[in-house]
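One structure below.
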Amino acid sequence: MVRVAEMRLARRAAAAATACAAVAAVVSLNDAVAPVAVAGLLHAEEGEPMDPGKPTPSTSSELQRYLDGICMEKFAKLCSEGKGMYCATDVAVARKGKGTAEQTEFEWRCYDDRRLGTDRSDVQCTDNCGVLFNCRGSVNAAASVHTTVPELGLEVLNKASEFCSPQQQLLNNYCDNIHGGWVARRGVLSANDSDKRWSCYDTNKLEYRLHSECVDNCGRSHSCPGGRTGPDRANLDENVDYALIPEAASLIGSELPCEKSLVCVATLHNPPRCVSISDADVVMREEREEQEKEKEDVLKEDARKAAAVRGGGEAPPQDKRLPEPQFHIPRKDELGQTDADVASVASLQGLLNLKCAREFRWLCKTQKIDEFCVDEAVVARKDYGVYADTAAPIWRCMYENSMDSDLLSICVDDCGQLMTCEGGIDPTKVVHARWEALEIVAKTRKVDFCSGATQARLSEA
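Quick note: the sequence shown uses full-length UniProt numbering, first residue 1, plus one each step.
Rendered as structure tokens:
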């Protein structure tokens, strides 16, 4: 059996080839560390309700796509640091939501979109004005791959004036005075031209990925996130779910940016272009070409993200787990102790812990590596090491007391299903042993701990 110890020991040059520090097993991965008139789902057919699904680049605002781009860069940086769980950069999205079981506050985070569920709208996305909408995506605290990035909130504040037209902001301010958090939209109640009245809407009654109409920086209507679909789209109560804006025309007219003698050409970013009539055709053609290029790029981004999501990736398969927990948490006396009896172990994870304790004893007694001679409990965790070329998490052994309770790592339930559990390690300080053979132990010994009924239901999942 080949055993390789990984440590970072400055004083042990001879062991340098087999010694390193481990990268913390981050699966929810602990922190401390946008107006193109993309039609999207603006005019969905009346009839059966449509599941809007999760936002895509083409159905998101420019500002939201800008934030998603920041998250792609963030994932790429973490990947370059050897944290392989972040290496699928195309699936990174910015959302305001919860994180691990301890991260119960809504904060801006970068998520792996593959790990966001589609059953609920428990995260938030932004329109071009920084207004937050609930958008499709649910966070599984035990399986989420994310990192918290508070700076995204500052980006929303700083960039909204670039993406949000002054006219739209005026209408939003009017709505906010009527009811805090409401937003101005047109074309929500009907897919045809009958609904051309500007109104204030409760954002909780709008679906982010469905589009209605906003006003661009020349005072003209264009598509933007926040709409409804199906036969119940008009099933809203006036003055409860929405309120008309009788002053809409005067509010929009008060912020027209160009003199009457000039032609206003709407732009992707504020301000618009005010040009003479003789130059209007050329300038409008330039802007159309820019918008068409932007639209083409967004559709390509749609395709890239869709391909990345289909590609899957290594992560605890929580979607296939049973609703009720099957994981038996090892008692303190089941934590790896070198003198423990295999027969006394009551869980598969406990067995792996015991194997790790005996591995440490072998490294201490046979290999004469003092760092593995500490008389402390040992645990097994599947994790990444310090080297960036590690393609997937690998089973490793470590001292329980060396783990940071604010971090997470991967362990197994009694049926050998991967899941996250509390405790991770500092990538620069923790002595541990890499031991891929634990994968075989978990696969061959799960039959001793997993009940027949449970295994049958897992096979059907």
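Every residue, glycine too, gets a C-beta built ideally from N, C-alpha and C.
Whole-angstrom distance between residue j and residue i, CA atom to CA atom
i: V283; j: C71; result: 34 Å
i: residue 485; j: E213; result: Limits of the chain in this structure are 1 at one end and 461 at the other, which puts residue 485 out of reach.
i: C364; j: M403; result: 20 Å
i: A442; j: C411; result: 10 Å
i: T366; j: E359; result: 10 Å
i: V275; j: R209; result: 34 Å
i: L352; j: V345; result: 10 Å
i: E62; j: L262; result: 27 Å
i: E294; j: Q417; result: 43 Å
i: R273; j: I394; result: 56 Å
i: G226; j: A143; result: 29 Å
i: V93; j: L157; result: 18 Å
i: R445; j: C356; result: 15 Å
i: A306; j: F106; result: 26 Å
i: H179; j: A88; result: 41 Å
i: K300; j: D90; result: 12 Å
i: A243; j: F163; result: 25 Å
i: S60; j: I440; result: 45 Å
i: V183; j: L132; result: 10 Å
i: F75; j: V145; result: 10 Å
i: E400; j: V379; result: 6 Å
i: G137; j: V309; result: 14 Å
i: S190; j: K196; result: 9 Å
i: S405; j: L170; result: 48 Å
i: G350; j: G84; result: 27 Å
i: W398; j: K368; result: Reading the sequence as shown, one finds Met at residue 398 and not Trp. In a straight line, the C-alpha of M398 is about 17 Å away from that of K368.
i: C125; j: G423; result: 31 Å
i: G53; j: E247; result: 35 Å
For residue i, the three-state DSSP class (helix, strand or coil)
i: P166; result: helix
i: Q291; result: helix
i: V447; result: helix
i: P225; result: strand
i: S278; result: helix
i: N134; result: strand
i: V309; result: helix
i: T267; result: coil
i: D241; result: coil
i: V441; result: helix
i: C383; result: According to the sequence shown, residue 383 is Asp rather than Cys. Residue state, collapsed to three classes: strand.
i: M85; result: helix
i: S60; result: coil
i: L418; result: strand
i: H43; result: Confidence at H43 is low in this model, with a pLDDT of 36, below 50, so the placement of that residue should be treated as unreliable; the coordinate-derived value is given next. H43 falls in the coil class under three-state DSSP.
i: E107; result: strand
i: H153; result: Before going further, note that residue 153 is Gly rather than His in the sequence given. Reduced to three states, the DSSP call for G153 is helix.
i: I394; result: strand
i: D90; result: helix
i: A234; result: coil
i: A76; result: helix
Beta carbon of residue i nearer than 8 Å to that of residue j
i: Y201; j: R185; result: yes
i: L206; j: R228; result: yes
i: T147; j: R109; result: yes
i: D297; j: A266; result: no
i: A141; j: A101; result: yes
i: R361; j: R396; result: no
i: V149; j: K98; result: no
i: L408; j: C421; result: yes
i: Q167; j: C129; result: no
i: N235; j: N134; result: no
i: V431; j: E376; result: no
i: C373; j: D414; result: no
Rounded Cβ spacing between residue i and residue j (contact assumed at less than 8 Å)
i: D302; j: S80; result: With 8 Å as the limit, D302 and S80 do not qualify as a contact, their Cβ atoms being about 26 Å apart.
i: I245; j: S199; result: 6 Å
i: G268; j: E290; result: For the sequence presented, residue 268 should be read as Leu rather than Gly. At roughly 7 Å, the Cβ-Cβ gap stays under 8 Å, so L268 and E290 are in contact.
Could you check whether the segment 274–292 touches the segment 167–176, counting it as contact only if at least three pairs of C-beta atoms, one from each stretch, sit closer than 8 Å? no
Any chance the segment 142–161 sits against the segment 257–265, with 3 or more Cβ pairs inside 8 Å? no
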